[in-house]
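One structure is given here, and the rest of the page talks about it.
There are 2 protein chains.
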Amino acid sequence: MPSSRRITLKELARHLGVSTASVSNAFNRPDQLSHALRERILAEARRLGYRGPDAKARSLRTGRSQIVAVLLAESLTYSLNDAVASELLSGIAEVLDAHGHTLLLLSGRQANDRMPDSASIADGFIVYGLMPSPALLGDLPSQRPQVAVDFDIEGRASVHVDNEPAAHAIARHALKTPPRRAGIINLRLTERACNGRIDADQALLSAHQTITRARLDGFYRAFDECGLDPASVPMWNIEENTFDVCTPVIEAILDLPDAERPDLLLCMSDRIALTVLTLAERRGLRIPEDLRITGFDGIAEGQYRSPRLTTVRQDSVEKGRIAARTVLGLEAATSRLLTTELLVGETCP
Amino acid sequence: MPSSRRITLKELARHLGVSTASVSNAFNRPDQLSHALRERILAEARRLGYRGPDAKARSLRTGRSQIVAVLLAESLTYSLNDAVASELLSGIAEVLDAHGHTLLLLSGRQANDRMPDSASIADGFIVYGLMPSPALLGDLPSQRPQVAVDFDIEGRASVHVDNEPAAHAIARHALKTPPRRAGIINLRLTERACNGRIDADQALLSAHQTITRARLDGFYRAFDECGLDPASVPMWNIEENTFDVCTPVIEAILDLPDAERPDLLLCMSDRIALTVLTLAERRGLRIPEDLRITGFDGIAEGQYRSPRLTTVRQDSVEKGRIAARTVLGLEAATSRLLTTELLVGETCP
DNA sequence: GCGCCTAACTAAATCGATTCAGACAGCGAG
DNA sequence: CTCGCTGTCTGAATCGATTTAGTTAGGCGC
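Chains A and B, in that order, are what the protein sequence lines are. Everything in the first sequence is counted per the working numbering, starting at 1 for the first residue and increasing by one. Everything in the second sequence is counted per the working numbering, starting at 1001 for the first residue and increasing by one.
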């Protein structure tokens, strides 16, 4: 009968009158002992309620834990409810699962902005996000594989999405119908908090945010090609990609007098675009007649609704798969660039 | 300078000419040594690039890893993209974070339906889901705290939502306006696969699915009170709570001839209700005039849209918080029952 | 000056496995 | 008969920490 305390491999070995090496081999390297002995060991293990080698001890001895950590720049609360991050995670989980690894979730927004010590247990790290604090990055064990997603870590593998052409494509599509007045809603463009109207020059200068910057570049290239003066396109910034934070900014935009209110809004994320759509619908604006809206990311929520959101799809699941395969060493640790796909919905036909 | 291999506590101790005990104490129990020595140790550690005690070794020695595992009945791919599961996870993560623990994600749908060995590293387990395979449950180390969410594990703590009154409340609300014809769309009611029309008796008999069963009971009690014959209410079943799986069943319902098509659909989840809403809108049906729709769960997607979904909100985040506090031993390991809140939106005013 | 207490520090056992370097037996080849 | 090989199995070192019991030195009261 299983005693209160968990039985150990050594005790099991003594019970059987064999060495610990044989018991260990019975579980890990069947070819190293006779079939008969192996069966005897496994049977006795079952009888005594021994569930196999202890994970903690094994990971100490072998140096491997079969655990991969994902370090998310945002808080877990945010990330888990963000569709793009969730898709990324499911891509990662899919590959890890298939290779017997499990997923440790780490938040870059811990109380003290340092990694919890338990993090160092992981065999490898996938870092997702815009600007994880350098302190955090320094905490990563440098001898372990690391993969950066959507940004770069000096000298490490990374997976990116080709944002500039994506932005260019969707802006080109939107500008096929010349807008009376266009507008851009940015996401976390500036380091310092700023929720609302923002100066375009200022926006381009504060280049710390690579992704938004690349998307802006794509928009501007399209403006150029279509003869639209960038200076005539007002820009707003949103601090956090959530409905609640978006709402006041968007309300303010929709409150503008008719002459100033844009009839085309290029949004940096689907979350923003969907919020625009919701608030516009509640006001009785006709989409797309009164207001055309484009998003970015191609999340499910935007496609499984009516009207469907016009957006550029990035395959976040695939991004996750690649990151996971890279961290497991199944794929060369290089820099990968994924392409995107224009999805024309009804919000900007 | 940091060598290629990570330096160990023992080496650090030798460098300093002190015992390993003192070094360990410098990191873990500052009161056990003089301030001067502690500073000397920490300074040398920094100089040599020693990042603190190794997590694997520490967890072996102390028996604790500061890791809590969440075992999800569904695949991680599904769970991460399901709003209810995501909210639960963020509640869990919030509490774990605050107490210096991290989150290990385990899928109940592993290839071989067994727990990966690495799982046993966790200090405690939160099990979420309807019917995790008994084999999996047996794999959980029985001496570690376990908390069940939305179902029961013999003799373990659990957190539940009070589904029957919730269902009763929303059905009562919906029936205030007598429907010409009502219908119910169930979720994973039967053990065996069945996507489509289902017999009500059969539904009530196959009681293996506690949550759906409780909700059905609530609906039927409301039917009773309102003098609606349960036999007159057709029922459909959906296998998986995703847009793609819902779609064909719902299309079939909407395809029914006018006389048979329900003008009130009580759905077992917001995901289902939102799919109904989308498909109905695409057909040009007027909501709620031609079709009234209710959901269940109160996910953000249903509220941050227009029209807002009428539903019952369960506080999944709080459910997660309680589960996490319980597994950490901050809360008594009992059975908790959470109440719900009726949200009246525009899909069924 | 003596005894006692406390603060500061250390030696060594221990957590539970993995794995390398043999030991030993049996067998076929020469 | 002996040699070497192969197939099994074992002894013991090791992974990197934590922690208990104990030593030493200094301070204080009397």
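Virtual Cβ for every residue (Gly too), placed ideally from N, Cα, C. Treat the numbers as computed from the prediction; the structure is a model and nothing was measured.
Out of Thr311/A, Ile67/A and Tyr220/A, the CA that lies nearest to the CA of Pro145/A is found in Ile67/A. Per DSSP, reduced to three states, the secondary structure at Ile1287/B is coil, with no helix or strand assignment. Runs of the alpha helix (DSSP H) lying entirely within the stretch 1242 to 1309 of chain B and spanning at least 4 residues, in chain order: 1243 to 1255, 1270 to 1282 and 1300 to 1303. Assigned with DSSP and collapsed to three states, Phe151/A falls in coil, not helix or strand. Per DSSP, Val1312/B lies in no alpha helix (DSSP H); the unbroken beta strand (DSSP E) holding it starts and ends at Thr1311 to Gln1314. For Ser1316/B, there are no neighbours in chain A by C-beta distance under 7 Å, as the nearest C-beta there is about 11 Å away.
Around the beta carbon of Gly295/A, 16 or more other beta carbons sit within 10 angstroms, so the residue counts as buried. Looking only at Gly91/A, Thr242/A, Phe151/A and His168/A, the smallest Cα-Cα distance to Tyr78/A is reached by Thr242/A.
Interface residue (Cβ-Cβ distance to chain B less than 7 Å): Tyr128/A is not classified as such.
When rounded, the separation of the alpha-carbon atoms in His35/A and Ser22/A is 12 Å.
In the three-state DSSP reduction, Leu1140/B falls in the coil class, being neither helix nor strand.
Using beta-carbon distances, Gly295/A does not count as an interface residue toward chain B, since no partner is under 7 Å. Under the 7 Å criterion on CB atoms, Tyr220/A is classed as non-interfacial with respect to chain B. Beta-bridge pairing by DSSP links His1160/B to Leu1337/B. The straight-line gap separating the alpha-carbon atoms of Leu103/A and Arg51/A is approximately 22 Å. DSSP places Asn1195/B in the coil class of the three-state scheme, outside both helix and strand. By a beta-carbon distance limit of 8 Å, Ala300/A does not contact Leu1076/B. Their separation comes to about 16 Å. A Cβ-Cβ distance of about 6 Å is found for the pair Ser120/A and Pro141/A, placing them in contact under the 8 Å criterion. Chain-ordered listing is empty here: chain A has no CB closer than 7 Å to the CB of Gln1032/B, the nearest sitting near 19 Å. The beta carbon of Asn163/A sits closer than 6 Å to the beta carbons of Ile211, Ala214 and Arg215 from its chain, once the five residues preceding and following it are set aside; these are given in chain order. Judged by DSSP in its simplified three-state form, Gly91/A adopts helix. DSSP places Val1084/B in the helix class (H, G or I) of the three-state scheme. In this structure, Ala73/A lies near Gly108/A, with their beta-carbon atoms less than 7 Å apart. Leu1071/B: member of the beta strand (DSSP E) spanning Ile1067 to Leu1072, first to last residue. Between Thr247/A and Thr275/A, the beta carbon gap of about 6 Å places them in contact (Cβ cut-off 8 Å).
Residues of the same chain with a CB within less than 7 Å of the CB of Ala222/A, apart from the 5 flanking positions on each side, are His168, Ala171, Arg172 and Leu175 in chain order. Per DSSP, the unbroken beta strand (DSSP E) holding Ser107/A starts and ends at Thr102 to Ser107.
The three-state secondary structure of Leu1342/B, taken from DSSP, is strand. Looking from the CA of Pro257/A, the closest CA among Arg181/A, Asp224/A and Gly227/A belongs to Arg181/A. For Ala1182/B, the enclosing beta strand (DSSP E) starts and ends at Ala1182 to Leu1187. Between the alpha carbons of Arg1261/B and Ile1250/B lies a distance of about 11 Å. In chain order, Pro141 and Gln143 make up the part of chain A whose C-beta sits under 8 Å from the C-beta of Arg1006/B.
Chain-order list of chain B residues neighbouring Asp117/A: Gly1052, Pro1053, Ala1055, Arg1058 and Gln1066, by C-beta distance under 8 Å.
When the five nearest sequence neighbours on each side are left out, the beta carbons in the same chain lying within less than 8 Å of the beta carbon of Glu318/A are those of Gly91 and Leu338, in order along the chain.
Around the beta carbon of Asp290/A, a 10 Å sphere encloses fewer than 16 other beta carbons of the protein chains shown; the residue is thus reported as exposed.
Any Cβ of chain A closer than 7 Å to the Cβ of Asn1241/B would place that residue at the interface, and such an atom is absent.
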